[in-house]
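First up is the structure itself, then whatever we jot down about it.
Here it is as structure tokens:
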């Protein structure tokens with residue numbers, strides 16, 4: 262038995278490792294026996310795991326956001342790796358492990374990213390826009406520091422929402438220099454506000470793990486909730502109605518298509534830019550995650566969020582180094 266991180270797992274290997282339970286459900290097998298269906302994770306990724314012939318005690322013991330020690334075989338099922346659990350127990354103090362060491366987190370500290378967002382707010386010249394953005398950010402409180410940007414897929418990591426926002430702000434600043442006719446106040450405000458209602462759309466722990474979507478999130482979604490958040494802030498602050506309307510439009514349009522939740526397509530160049538910044542940042546995050554999961558010269562598994570495409574980790578950097 263050997264310790265393995267998830268990105269090191271290969272079919273046919275037996276492991277004795279620590280993982281966090283990101284989700285768990287009790288199910289019934291074809292022969293009418295209970296089993297627990299897990300999604301387990303660490304800093305390097307996620308993997309499905311099965312505990313066959315599970316008891317009622319097992320169902321009560323193993324919950325989301327719990328660190329467990331697992332002895333298992335790595336098997337392949339429908340072209341994906343999976344853990345077949347032989348033994349499992351909840352981690353204890355004698356293990357001398359810290360659960361935060363097993364949580365996938367943003368590469369930058371939450372404190373540094375938050376300060377970066379504040380720096381961009383200071384660059385906003387229009388006082389009404391600045392007031393709305395500051396009001397909504399302040400209302401988020403400590404929650405934003407660890408919150409992920411999604412349950413799965415892009416930026417579904419601890420402090421993922423801040424990471425998504427700060428990388429978009431940096432990209433937006435650069436693109437506004439190229440497309441100098443854009444109003445940077447609107448671009449920066451749109452970036453900061455576009456996913457802010459995810460704080461109410463999802464239930465997440467301090468570990469940045471989403472356990473479920475809230476009732477409000479399921480019925481309304483973060484796009485509609487985000488526009489309402491802007492309207493409510495504008496009413497409290499007494500800001501210009503056009504400012505409120507334009508910021509609401511940017512949030513409503515940032516997913517572009519009705520099937521992705523946007524009731525309107527962008528009708529402002531700044532709203533169009535917001536959409537592409539959001540889409541680009543999400544895509545680049547998922548591509549980097551896929552590339553990092555395999556060695557140079559190998560193809561990743563199919564990535565659902567990228568229309569089930571496989572992503573190739575090129576050997577270009579290695580070839581260049583070898584030639585020097």
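Numbering (our numbering), first residue to last: 262 to 585. We treat Cβ as the ideally placed atom computed from N, Cα and C, and that holds for glycine. Quick caveat, the model's predicted, so the values are computed rather than measured.
Each of 418, 266 and 575 was checked against the Cα of residue 368, and the nearest Cα belongs to 418. Under the three-state reduction of DSSP, residue 537 is assigned to helix. When the alpha-carbon of residue 313 is set against those of 303, 292 and 270, the nearest one is in 292.
Taken atom to atom, the span from the alpha-carbon of residue 327 to that of residue 281 is near 6 Å. Spatial neighbours of residue 570 in its own chain (CB-CB distance under 8 Å, excluding positions within 5 residues in sequence) are listed in chain order as 563 and 564. Residue 290 carries a coil assignment under DSSP once its states are collapsed to helix, strand and coil. A check of alpha carbon separations from residue 311 across 303, 285 and 317 identifies 285 as the nearest.
Burial is judged here by how many other beta carbons sit within 10 angstroms of a residue's own beta carbon; residue 463 has at least 16 and is buried.
Between the C-alpha atoms of residue 530 and residue 500 there is a straight-line separation of about 22 Å. In the structure shown, the three-state DSSP call for residue 564 is strand. CA-to-CA, the gap between residue 481 and residue 412 works out to about 16 Å. The alpha-carbon separation between residue 266 and residue 393 amounts to approximately 43 Å. Distance check between residue 504 and each of 518, 470, 488 and 287 places 488 closest, using alpha-carbon atoms only. Secondary structure of residue 576 (DSSP, three-state): coil.
In this structure, residue 443 keeps its C-beta atom at 8 Å or more from the C-beta atom of residue 381. For residue 343, the enclosing beta strand (DSSP E) covers residues 341-351.
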